[in-house]
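Worksheet for the structure shown next.
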Amino acid sequence: MVMMTIIGMVISWLPLGYQQGGLDESEERREQLGPDEPTLEERCSTITFEDMFEYTRAIFNVQISSDWNSADIQAVAWVNGTLADDVRQSLDEYIAQIYPSGDDGWISTDEREGVRAIASECIQYTITRMGMRDGSPHRGGEGTDWKNVSWTEDEVLVEEWNLVPPRHSESRECSGLGSSSDCFEVPVYPDNDRDCDSDLDPSSGSDECRLMLWLNATLTISNINDPSQFTLAYNASNMSGAEYHITFPVTEGLRLDMWEECEGRDVQAELDDFAGVAPLRGSCIGDGSSSYSLIENEDTSLTYSFYPNMPQWPIGEDIFADFTTAPIPVDEPPVWTENAPSDGAWIPRGNSGPQIVANWDQIQNWFEDEAGVSNLNLNCRGDSDLEISYSARKLSMDIPEAGTGQLVCEAIDNAGQSSGNRTWNIGVPFEISTSSTDLSDPHPVTISPAEGWPDFYVEIGFSSTFSESDYHSSPYLIQDSGITENIPVVGIVPGPAYVSVKISGSNVNDIQAIFDLGIEKGSIAPVLTVNSEGWDGNSWTMSGQFSDPDGEEVNFVLKIDGSSIGSVSVSGNTWSTPPIDFSVWSEGIHLVEVQACDESNLCTNEQRNVNNSKLFAEPELESEQPKDNSSVLPSMGLLGLIIASSAALIYSGRRD
0 MVMMTIIGMV ISWLPLGYQQ GGLDESEERR EQLGPDEPTL EERCSTITFE DMFEYTRAIF
60 NVQISSDWNS ADIQAVAWVN GTLADDVRQS LDEYIAQIYP SGDDGWISTD EREGVRAIAS
120 ECIQYTITRM GMRDGSPHRG GEGTDWKNVS WTEDEVLVEE WNLVPPRHSE SRECSGLGSS
180 SDCFEVPVYP DNDRDCDSDL DPSSGSDECR LMLWLNATLT ISNINDPSQF TLAYNASNMS
240 GAEYHITFPV TEGLRLDMWE ECEGRDVQAE LDDFAGVAPL RGSCIGDGSS SYSLIENEDT
300 SLTYSFYPNM PQWPIGEDIF ADFTTAPIPV DEPPVWTENA PSDGAWIPRG NSGPQIVANW
360 DQIQNWFEDE AGVSNLNLNC RGDSDLEISY SARKLSMDIP EAGTGQLVCE AIDNAGQSSG
420 NRTWNIGVPF EISTSSTDLS DPHPVTISPA EGWPDFYVEI GFSSTFSESD YHSSPYLIQD
480 SGITENIPVV GIVPGPAYVS VKISGSNVND IQAIFDLGIE KGSIAPVLTV NSEGWDGNSW
540 TMSGQFSDPD GEEVNFVLKI DGSSIGSVSV SGNTWSTPPI DFSVWSEGIH LVEVQACDES
600 NLCTNEQRNV NNSKLFAEPE LESEQPKDNS SVLPSMGLLG LIIASSAALI YSGRRD
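Printed below as a string of structure tokens:
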């Protein structure tokens with residue numbers, strides 16, 4: 000929304016209390032807006048003036064300096080009706096990051112000062128949309144920065160009128176903390192009366208709430224060392240209601256050589272090829288949304304004006320203007336180029352019936368003309384049965400089922416001059432078939448030539464999509480009789496297998512065609528191996544390797560007793576289950592299953608019966624040893640034995 004883009008990007012650059020003073024001169028102006036934020040320059044370098052200010056109408060006057068190194072630009076823009084309300088609302092929403100009073104449905108004179116500072120600082124880094132390069136005419140493209148005109152730093156000034164209408168019927172004093180003494184504010188959306196100027200009579204019908212913007216700046220121009228021949232390019236993507244008036248220095252003999260409106264390329268700067276493939280000079284067919292004029296001034300200088308006015312967005316557009324001091328060339332007839340089919344050429348088609356045989360991308364390369372090929376009229380004719388037509392820059396005809404049709408074409412310029420006729424033979428050069436619809440490697444393919452065609456070569460391959468194969472077999476010569484060749488199969492996934500054929504030959508145009516012969520490739524289930532399995536404490540794991548013969552992606556499922564549990568880890572061509580703690584499972588035998596399925600839903604399983612009973616076994620108690628009296632009584636020892644013997648002798652002597 001209008002200013003939302005730029006304000007949201009750079010609002011935090013302004014410090015609190017900015018209205019009380021400028022930036023410290025010692026502060027680096029391009030410093031980061033935050034520790035991880037891009038610089039102001041980086042933020043603004045991907046947007047345009049129109050991204051900052053969505054205007055109703057704007058006029059840009061550009062005066063190029065006499066040395067062609069710079070240009071002064073003065074612009075005025077009008078923002079009318081409810082579009083002005085949207086601008087104020089966007090500013091109020093984002094100004095809250097600077098002023099506490101922001102995002103309250105009102106916009107103040109204090110907040111306006113912050114907007115002015117942001118706009119002038121940021122514009123100097125934005126995309127100018129313009130490019131100027133001397134030398135041969137160009138149309139941009141890879142390596143050619145056609146937006147090489149830049150704003151000159153510190154020479155950009157933006158002013159506004161009526162952002163905060165001074166006589167608004169609903170104005171009030173600012174109530175925000177820290178507001179200046181003369182601050183007042185107005186609602187971003189006026190009431191139904193839209194009385195933004197109480198001094199005006201409402202019956203006058205004036206748009207009292209409108210805004211106006213002024214831009215004064217300097218542009219830096221590079222790559223104009225010789226102004227005798229140069230291209231001025233302008234990207235008019237998503238522009239309406241604008242007019243540019245560019246006045247060149249007095250240059251004797253300077254004239255406009257070619258002007259083109261080229262559709263399709265966007266203005267965004269980050270694309271490596273500078274927003275699209277460069278069109279062929281003179282081939283652009285514009286939509287008419289842009290126009291131009293050229294005026295010679297009293298001092299003999301030229302003013303080039305153009306008026307981009309796109310009816311709808313988003314859409315990309317380039318406007319190219321080639322200037323030169325060279326004399327106006329003689330109007331010569333258009334000529335055929337080496338890119339066009341030669342006279343008498345044979346043009347093969349993959350099938351018969353009504354079809355487009357050439358589009359503008361091809362036709363624009365068939366001719367050359369000093370006024371550009373887009374100004375040529377292509378005239379093609381042949382037998383009425385062929386139903387030849389040229390409409391919307393496309394050449395169509397009905398290709399016969401048998402034989403060939405003759406097509407005669409020429410290009411005619413605005414002066415009625417002709418390139419001369421070329422006659423071509425167009426038809427289907429062969430029939431193609433196979434003896435089997437089940438794909439094998441190699442697979443047989445039969446080519447049977449159509450009658451009347453000269454010798455030609457074919458290269459044959461297979462593709463899993465209805466597009467050109469990445470691999471084709473060596474060329475096979477097709478003469479009067481057909482051939483059957485066993486074609487290698489490379490990189491085909493299960494499913495339909497299409498036959499890709501390249502055709503070439505002497506005076507035979509090269510083409511590539513795709514054929515659906517109903518061939519199918521069956522799928523083979525993944526191969527799963529187990530390298531290790533076993534216990535580690537209470538946990539059990541299993542791991543191994545896998546592959547898929549068809550090269551399809553393989554997904555794994557881990558199941559225990561039929562229920563999906565956890566996931567299988569995959570690294571390269573190896574797989575492994577997580578450690579399964581069977582101490583938390585019931586005692587007994589459990590079925591562990593690893594299932595591997597490919598994209599064709601063919602699966603391979605590895606199953607193991609895991610008995611966790613050992614984790615639940617009761618530990619055995621130590622048995623009590625039987626008593627042995629001999630071992631229980633203490634030994635008497637030698638001294639005890641002597642004492643006992645002595646006592647016995649004494650006892651024995653007494654008895655005697």
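All residue numbers for the sequence shown refer to this note's numbering, where the first residue is 0 and numbers rise by one. Glycine included, each C-beta is placed from N, C-alpha and C at the ideal position.
Are the Cβ atoms of SER239 and TYR124 separated by less than 8 Å?
-> no
Count the other C-beta atoms from every protein chain shown that fall within 10 angstroms of the C-beta of GLY134, then say buried if there are 16 or more, exposed otherwise.
-> exposed
Contact check, VAL356 vs GLY381, beta carbons under 8 Å = no
CA nearest to the CA of SER531, picked from SER180, ALA595, THR250 and TRP574 = TRP574
Using alpha carbons as the reference points, say which of ARG392, GLU400, GLU467 and VAL492 lies closest to SER439.
-> VAL492
Quick one, which of GLU120, GLU467, LEU385 and ASN215 has its alpha-carbon nearest GLU41's?
-> GLU120
Continuous beta strand (DSSP E) stretch holding GLY404: start and end | 403 to 411
Other residues of its chain near SER168: CB distance less than 6 Å, five sequence neighbours each side excluded = ASP194 and SER197
Nearest to ALA449 by CA position, among TRP423, GLY349 and ILE411, is which residue?
-> GLY349
Cutoff 6 Å; reference SER282; Cβ partners in own chain excluding five residues on either side | GLN363, VAL372 and SER373
Between the Cα of ARG421 and the Cα atoms of THR576, GLU617, ALA410 and THR433, which residue gives the shortest distance?
-> ALA410
Should the stretch 255 to 264 be regarded as contacting the stretch 329 to 349, the criterion being three or more beta carbon pairs within less than 8 Å?
-> no
Out of ALA595, ILE72 and THR576, which has the shortest C-alpha to C-alpha gap to VAL553?
-> ALA595
Alpha-carbon spacing of SER568 relative to SER522, whole angstroms | 24 Å
Can you list the alpha helix (DSSP H) stretches of 4 or more residues lying completely in the stretch 75 to 158, in chain order?
-> 81 to 93 and 108 to 122
Name the one or two DSSP bridge partners that ALA512 has.
-> VAL500
Going by Cα to Cα distance, which pick from ILE502, ALA241, HIS471 and LEU476 is closest to GLY490?
-> HIS471
Measuring CA to CA, which of GLN361, GLY140 and SER290 is closest to GLU337?
-> GLN361
Residue closest to ALA70, alpha-carbon to alpha-carbon, out of THR217, PHE59 and SER149 = THR217
What's the call for LYS613, buried or exposed, on a 16-neighbour Cβ count within 10 Å?
-> exposed
Expressed to the nearest angstrom, what Euclidean distance is found between the alpha-carbon atoms of LEU527 and SER499?
-> 34 Å
Buried or exposed: where does SER89 fall if 16 or more other Cβ atoms within 10 Å of its Cβ makes it buried?
-> buried
Specify, as a first and last residue, the run of the alpha helix (DSSP H) that TRP359 falls within.
-> 359 to 362
By a C-beta neighbour count over all protein chains shown, 10 Å radius and 16 as the cutoff for buried, is GLU172 buried or exposed?
-> exposed
Output yes or no for whether 8 Å exceeds the beta carbon distance between ASP412 and ALA370.
-> yes
For GLN478, which option in PHE322, ASN308 and GLY504 has the closest C-alpha, if you only look at C-alpha atoms?
-> GLY504
Compute the beta-carbon to beta-carbon distance between VAL157 and SER107, rounded to the nearest angstrom, for a pair I have assumed lies under 8 Å.
-> Actually they do not touch by this definition, with Cβ atoms about 19 Å apart.
State the DSSP-derived secondary structure class of ASP326, mapped to helix, strand or coil.
-> Here residue 326 is Pro; the residue named in the question, Asp, does not match the sequence. Coil at PRO326, not helix or strand.
Excluding sequence positions up to five away, which residues of its chain have a Cβ less than 6 Å from the Cβ of ILE513?
-> PHE465, TYR497 and SER499
Beta strand (DSSP E) segment containing PHE545, residue limits = 538 to 546
Taking all protein chains shown into account, do 16 or more other C-beta atoms lie within 10 angstroms of the C-beta of SER176, making it buried, or fewer, making it exposed?
-> What sits at residue 176 in the sequence shown is Leu, not Ser. Exposed: under 16 other Cβ atoms inside 10 Å.
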